[in-house]
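Trainee: In our numbering, the protein residues as written are 12 to 508. Once you've had a glance at the structure underneath, I'll fire off some questions.
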């Protein structure tokens with residue numbers, strides 16, 4: 012990454028009621044992780060619930076930090092270390108960090124995608140279309156960060172404001188034309204996208220999730236709508252567009268926050284962008300895209316499910332907003348083969364199907380199971396659980412959906428985190444029991460055992476659907492994180508038949 016430099020006094024002047032103690036210094040980076048400190052760094056001291064970064068000030072100084080950023084009025088620091096005192100640390104970061112990196116988002120087209128489900132697949136579709144049109148594209152998503160074909164791992168749905176601006180600055184340095192970004196409700200609520208000038212904002216849908224954080228669906232919707240406030244703001248670039256799902260009632264909230272042109276898309280409602288003649292198969296689908304007076308475009312695409320029809324429409328709307336031609340859109344969609352862990356088929360020579368999917372919300376789960384049902388001749392065997400330390404209210408709902416839509420239900424651990432995995436399954440089970448009837452049903456806490464059991468029960472023509480973790484190659488347990496990949500485990504189970 013190109014080396015950035017700003018004077019400490021220059022940064023201090025941006026913060027109302029900011030106060031600088033000590034001498035001015037040349038700042039070469041901003042870091043909140045003391046392990047990443049180098050010569051000339053400004054160390055951000057966050058007093059967290061479990062760790063107080065102020066205790067690492069001596070380490071930061073030894074590593075070369077020149078100053079610290081803190082909300083505290085008084086801080087003991089080693090000699091020669093300056094202190095920038097601010098009234099609100101997050102507000103200060105939201106202002107200082109984009110400025111420090113010279114607002115990299117202004118140098119690229121930025122497409123932000125928000126919604127409960129579909130963000131990842133939509134972002135990969137948009138990336139594919141832009142690249143087919145000859146653009147150099149960066150992607151910031153749940154699975155990974157990409158700069159053209161180079162892949163970087165990512166730990167959060169949306170990185171914090173420091174990591175985000177560092178990534179964008181690196182993408183600018185690598186001459187990306189556009190950045191496609193999944194934007195979570197947490198990111199919008201917590202200011203992680205501060206200083207980013209969005210050009211196209213896409214809304215996929217709103218269904219129950221993250222109520223442990225947002226508390227109500229109204230709060231959740233308002234957090235998502237922040238993206239449409241941002242894309243509507245006057246900026247340095249022309250051509251702002253909102254792309255909204257006409258079939259989702261929450262689009263009304265998004266539209267109320269939008270003050271720029273809108274492209275609507277839908278399957279059931281009247282919309283600018285629509286489909287007809289949809290035919291779903293297990294390994295793909297056919298559909299015809301309809302956009303105003305333009306010639307309808309018939310496509311075969313290597314992904315399937317009604318939910319993916321919406322993702323294709325959302326991505327097409329984003330591409331149209333970015334003035335990509337119909338030929339490039341159609342060619343990229345025809346060549347698209349899918350996203351890791353999203354309705355991913357596991358093929359190992361078996362005479363039944365195995366599908367791994369990341370679905371971990373009631374709506375996402377229902378979408379996947381209904382799609383599996385539509386393309387399965389035999390039985391549906393569903394393997395699923397719910398994550399620990401997350402929204403508990405969705406657990407019985409997902410249990411009910413699984414029991415209603417599958418023929419065989421296998422409850423198992425997802426990422427239990429600090430919770431007792433058996434207790435989580437008990438809560439899921441309260442939704443299963445009233446509707447399971449005489450259907451076979453198992454509760455197996457160990458995920459590997461559950462996957463082997465489900466695959467062992469499968470017969471020719473059946474579909475085993477393994478839900479909740481998708482692309483993840485780990486499982487978060489109370490005593491640590493272990494390697495675990497649903498796809499690897501499924502292949503091993505099939506191989507043992």
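From the three backbone atoms N, C-alpha and C, an ideal C-beta is built for every residue, glycine too.
What separation, rounded to the nearest whole angstrom, lies between the Cα atoms of residue 353 and residue 451?
Mentor: Rounded to whole angstroms, residue 353 to residue 451 spans 26 Å at the Cα level.
Trainee: Suppose contacts are defined by Cβ-Cβ distances below 8 Å. Is residue 476 in contact with residue 408 by that definition?
Mentor: No, the pair does not count as a contact, with Cβ atoms beyond the cut-off.
Trainee: Within the region 89 to 141, note down every full alpha helix (DSSP H) run reaching 4 residues or more, in order along the chain.
Mentor: Segments of the alpha helix (DSSP H) lying fully in the region 89 to 141: 100 to 111.
Trainee: Per DSSP, which residues does residue 486 bridge with? Please list them.
Mentor: 493.
Trainee: Report the residue from 212, 46, 143, 246 whose alpha carbon sits nearest the alpha carbon of residue 274.
Mentor: Ranking 212, 46, 143, 246 by Cα distance to residue 274 puts 212 first.
Trainee: Pick helix, strand or coil for residue 192, following the three-state DSSP scheme.
Mentor: Reduced to three states, the DSSP call for residue 192 is strand.
Trainee: On the CB-based measure, 16 or more other CB atoms within 10 Å of its CB, does residue 437 come out buried or exposed?
Mentor: By the neighbour-count rule (16 or more Cβ atoms within 10 Å), residue 437 is not buried but exposed.
Trainee: Put residue 167 into one of helix, strand or coil per three-state DSSP.
Mentor: A caution first: residue 167 carries a pLDDT of 49, below 50, which makes its placement in the model too unreliable to give a value.
Trainee: Tell me which residues share the same chain as residue 162 and place their Cβ nearer than 6 Å to its Cβ, disregarding the 5 neighbours each side in the sequence.
Mentor: Around residue 162: 155.
Trainee: Take residue 167 and list the residues in its own chain whose beta-carbon comes closer than 6 Å to its own, dropping the five residues that flank it on each side.
Mentor: The predicted model places residue 167 with a pLDDT of 49, which falls under 50 and marks its position as unreliable, so this point remains unresolved.
Trainee: What is the residue span of the beta strand (DSSP E) that residue 30 lies within?
Mentor: Unbroken beta strand (DSSP E) run through residue 30: 30 to 32.
Trainee: Quick check: what's the CA-CA separation for residue 214 versus residue 302?
Mentor: Roughly 18 Å separates the two Cα atoms.
Trainee: Can the beta-carbon of residue 400 be found less than 8 Å from the beta-carbon of residue 428?
Mentor: The answer is yes: Cβ separation under 8 Å.
Trainee: Taking three-plus beta-carbon pairs below 8 Å as touching, is the region 131 to 144 in contact with the region 62 to 75?
Mentor: No, because fewer than three Cβ pairs between the region 131 to 144 and the region 62 to 75 fall closer than 8 Å, the two stretches do not touch.
Trainee: Using 8 Å as the threshold, is the C-beta distance between residue 406 and residue 435 below it?
Mentor: Yes, these two residues count as a Cβ contact at 8 Å.
Trainee: By a C-beta neighbour count over all protein chains shown, 10 Å radius and 16 as the cutoff for buried, is residue 493 buried or exposed?
Mentor: By the 10 Å Cβ count, residue 493 comes out exposed.
Trainee: Give the C-beta separation of residue 195 and residue 231 to the nearest angstrom, bearing in mind that I take them to be a contact with Cβ-Cβ under 8 Å.
Mentor: Not quite, the Cβ-Cβ distance comes to about 11 Å (not below 8 Å), so this is no contact.
Trainee: Is it right to say residue 281 is buried, meaning 16 or more other beta carbons lie within 10 angstroms of its own, or is it exposed?
Mentor: Looking at its Cβ environment, which holds fewer than 16 other Cβ atoms inside 10 Å, residue 281 is exposed.
Trainee: Would you list the one or two residues that DSSP bridges to residue 478?
Mentor: Answer is 368.
Trainee: Can you check whether the CB of residue 19 is closer than 8 Å to the CB of residue 95?
Mentor: For residue 95 and residue 19, yes; Cβs fall inside 8 Å.
Trainee: Looking at the structure shown, is residue 185 part of a helix, part of a strand, or coil, going by DSSP?
Mentor: In this structure, residue 185 counts as coil in the three-state DSSP scheme.
Trainee: When we look at the beta-carbon of residue 431 and count the other beta-carbons within 10 Å, is it buried (16 or more) or exposed?
Mentor: Flag for residue 431 reads exposed.
Trainee: Excluding the 5 residues flanking residue 343 on each side, which residues of the same chain have their C-beta closer than 7 Å to its C-beta?
Mentor: Closer than 7 Å at Cβ, skipping near neighbours: 139, 140, 143.
Trainee: Nearest to residue 117 by CA position, among 106, 183, 90, 151, is which residue?
Mentor: Nearest C-alpha to residue 117: 183.
Trainee: Could you round the C-beta distance between residue 188 and residue 148 to whole angstroms and report it? I think they count as a contact, below 8 Å.
Mentor: Contact holds; Cβ gap of about 7 Å.
Trainee: Closer than 8 Å by C-beta to residue 131: which residues in its own chain qualify, once you throw out the five before and the five after it? Chain order, please.
Mentor: Taken in chain order, the residues that qualify are 152, 153, 154, 193, 350, 353, 369.
Trainee: With which residues is residue 241 paired in a DSSP beta bridge?
Mentor: Answer is none; residue 241 lacks a bridge partner.
Trainee: Residue 363: which of 35, 133, 271, 473 sits nearest, CA to CA?
Mentor: Of 35, 133, 271, 473, the residue nearest in Cα terms is 473.
Trainee: Would residue 426 be called buried (16 or more neighbouring beta carbons within 10 Å of its own) or exposed?
Mentor: Label assigned to residue 426: buried.
Trainee: How far does the alpha helix (DSSP H) with residue 262 in it extend, from its first residue to its last?
Mentor: 262 to 267 is the span of the alpha helix (DSSP H), which, as asked, contains residue 262.
Trainee: Note down the Cα distance separating residue 250 from residue 237, rounded to an integer number of angstroms.
Mentor: Taking the straight line from one Cα to the other gives about 19 Å.
Trainee: Rounded to a whole number of angstroms, what is the C-alpha to C-alpha distance between residue 164 and residue 178?
Mentor: Their Cα atoms are separated by approximately 12 Å.
Trainee: Where do the ends of the beta strand (DSSP E) carrying residue 392 lie?
Mentor: Note, residue 392: beta strand (DSSP E), 391 to 395.
Trainee: Tell me the rounded alpha-carbon separation between residue 416 and residue 381.
Mentor: Between residue 416 and residue 381, the C-alpha separation is close to 7 Å.
Trainee: Does residue 448 come out as helix, strand or coil in the three-state DSSP assignment?
Mentor: Coil, per DSSP.
Trainee: With distances taken from CA atoms, which of 120, 202, 338 is nearest residue 305?
Mentor: Nearest of 120, 202, 338 to residue 305, Cα basis: 338.
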